[in-house]
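A.B. asks: Those protein sequence lines, which keep their order, are chains A and B.
Just so it is clear: in the first sequence, position 96 is 992 by the working numbering, and no numbers are missing.
Just so it is clear: in the second sequence, position 22 is 699 by the working numbering, and no numbers are missing.
A virtual CB, placed ideally from N, CA and C, is assigned to each residue, including glycine.
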Amino acid sequence: MFSGHWPWWFGGPVFAIVVVAFWLIERRLFGVVGQYVQVLEPAQGAAELDKASPQALEEALRRATLAEFGAEAVAEMEAAEASEKERAPEPRRREPVPRAASLLFLAMLPVGGAIGALVTGQLALRGTLGAVHERVVASGPMELVVLAVGGVLVGVGTRMAGGCTSGHGLSGCSRLQPSSLIATASFFGTGIVVSFLLHALVKP
Amino acid sequence: MSTPPTGCPYTGSCELYPRFSLKGALKIWQQRYCSHETQHQRCARYQLATSNEPVPATLLPNGEHIPTT
Chain A
897 MFSGHWPWWF GGPVFAIVVV AFWLIERRLF GVVGQYVQVL EPAQGAAELD
947 KASPQALEEA LRRATLAEFG AEAVAEMEAA EASEKERAPE PRRREPVPRA
997 ASLLFLAMLP VGGAIGALVT GQLALRGTLG AVHERVVASG PMELVVLAVG
1047 GVLVGVGTRM AGGCTSGHGL SGCSRLQPSS LIATASFFGT GIVVSFLLHA
1097 LVKP
Chain B
678 MSTPPTGCPY TGSCELYPRF SLKGALKIWQ QRYCSHETQH QRCARYQLAT
728 SNEPVPATLL PNGEHIPTT
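1. Closest Cβ-Cβ distance between leucine 725 of chain B and chain A: below 9 Å?
2. At the level of alpha carbons, what is the spacing between proline 1042 of chain A and alanine 721 of chain B?
3. DSSP three-state call for proline 681 of chain B: helix, strand or coil?
4. Taking all protein chains shown into account, decide if glycine 1087 of chain A is buried (16 or more other Cβ within 10 angstroms of its Cβ) or exposed.
5. Would you check if the region 1084-1099 of chain A and the region 1010-1020 of chain A touch, i.e. whether three or more CB-CB distances between them fall below 8 Å?
6. When DSSP labels each residue in this structure, what does histidine 742 of chain B get in the three-state scheme?
7. For the region 1003-1070 of chain A, list the alpha helix (DSSP H) runs that are entirely contained and at least 4 residues long, ordered along the chain.
8. By DSSP, does serine 1091 of chain A sit in helix, in strand, or in coil?
9. Name the DSSP bridge partner or partners of leucine 736 of chain B?
10. May I ask which residues mark the beginning and end of the alpha helix (DSSP H) holding tyrosine 932 of chain A?
11. Measuring only the C-alpha atoms, how far is valine 1033 of chain A from alanine 917 of chain A?
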């Protein structure tokens, strides 16, 4: 279909379709790190709550609420909410994304990458980023160590920044969010500077 | 999930905060603890979180546990 990389005029609109479709179907902003968080964070404790059925959990919470605040305060709260709902209907509530859905999404990322590589004739398993990377950064087992450490740093950095190239770059920048504009400018800017430095290093 | 402008800084990661939004009666926890400018510091979950200790998912702000079985 294509040779070499996918052209920008094809890849760009495909990204746009994914982001807009994600919003239209899920009413959520698209972001890969967010999916990792969905998979990993609930493991810290939600499983304990999820052991109970939603009805049993709600009933247990209601009993605890009554015991803590008393029936009068709870009735006042319910009445206040009922009158608020009359004035302005509650917007559609966002239910948490099922962990299985996030897992499926993450599992499909390498599948999508493989399909992309297949149609451009570049599908191959490699243990290196190429001759230039080997020459400038590291080669052999050390290259794998460098890649592993780099991967961990990318994970820590994107979590600290609250998003990655998809969350900040696609979803955040398209909504003109200042934090996303700054984050995207930072990581793409750094990438451009580093790539120029590497090119200078490998010049014959 | 919205974070209160004042109040508990841990609402974003709290397992119970979003569950308190499910019913009007439960929002009283948010009102009396999470969103309260000073009272959030009385929350048992807040106190564990500020000591960098693990916060049990079933721990209520008043220190009681939700019976899940």
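C.D. replies: Per the coordinate set shown:
1. no
2. Going by the sequence as given, residue 1042 of chain A is valine instead of proline. Rounded to the nearest angstrom, the two C-alpha atoms are 42 Å apart.
3. The predicted model places proline 681 of chain B with a pLDDT of 44, which falls under 50 and marks its position as unreliable, so this point remains unresolved.
4. exposed
5. no
6. strand
7. 1027-1032 and 1037-1057
8. helix
9. B:His742
10. 928-936
11. 39 Å
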